[in-house]
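Visitor: Structure provided below as C-alpha cells; questions to follow.
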Amino acid sequence: MALSQEHKKQYKSIGHHLKPILIVAENGLTEGVLAELDRALNDHELIKVQFRITERDDRRALIEELCSTGKCELVQIIGKMALVYRRNPKPNRNLSNISRYSGL
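Take 0 as the starting number for the sequence shown in numbering that gives the first Met the number 0 and just add one per residue.
So this is what it looks like as C-alpha cells:
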C-alpha cells in the first residue's frame, strides 16, 4: 500500500488546508481514539492527527503505532501533526477529502 512520491505530494497539498480531526494526548491510543481514527479514515480517507506529547521520540513511536494499528499510510509529519491516509474502496464523495479537494 506504499504511496508514490507523486501521491504524497498531492496529499500534502490537500492536507495543508485541513484541520486536525483527531487529537492524541498523554493517554495514548485508547479504544476511543482508535475507534474515532477508524471512523474518520472511513469517512475522509486523508486526515490530520494532532499529538499533544512533548517528547519527540515518544511522539514518533506513537505515530508509527497509530499507522500500524489503524492500517493507514503516513504521508507527512510536521511538528506535532501527522497526516495519514487510508484508501476507502467506496468513498463518499461529499466526505472524502481526496474527492473534495483534488478531483481524483
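Cβ coordinates follow ideal geometry from the N, Cα and C atoms, glycine included. Since the model is a prediction, treat every value here as computed from it, not as a measurement.
Taking 8 angstroms as the cut-off, decide whether the C-beta atoms of Gly69 and Arg59 are in contact.
Guide: Going by C-beta atoms, Gly69 is not nearer than 8 angstroms to Arg59.
Visitor: Drop a sphere of 10 angstroms on the beta-carbon of Glu30, count the other beta-carbons inside from all chains shown, and report buried for 16 or more, exposed for fewer.
Guide: Exposed: under 16 other Cβ atoms inside 10 Å.
Visitor: DSSP puts Val83 in a beta bridge; with which residues?
Guide: In DSSP, Val83 forms a bridge with Ile46, Leu73.
Visitor: Less than 8 angstroms between the CB atoms is what I'm expecting for Gln75 and Leu82, so what's the real figure, rounded?
Guide: Correct: roughly 4 angstroms between the Cβ atoms.
Visitor: From which residue to which residue does the alpha helix (DSSP H) around Ile13 run?
Guide: 4-14 is the extent of the alpha helix (DSSP H) around Ile13.
Visitor: Return the chain-ordered list of same chain residues with a C-beta closer than 6 angstroms to the C-beta of Leu103, the five sequence neighbours on each side being excluded.
Guide: Confidence in Leu103 is poor, its pLDDT being 47 and thus under 50, which makes the residue's placement unreliable; the coordinate value appears in the next sentence. Cβ within range, chain order: Ile97.
Visitor: Would you list the residues sitting across from Val32 in a DSSP beta bridge?
Guide: Answer by DSSP bridge pairing: none, since Val32 is not bridged.
Visitor: Give a single yes or no on whether Leu28 has its beta carbon closer than 7 angstroms to a heavy atom of the ligand FAD.
Guide: Here there are no bound small molecules, and the ligand FAD is not part of this structure.
Visitor: On the DSSP bridge assignment, give the partners of Ile162 in chain order.
Guide: With the chain running from 0 to 103 in the structure shown, residue 162 is simply not present.
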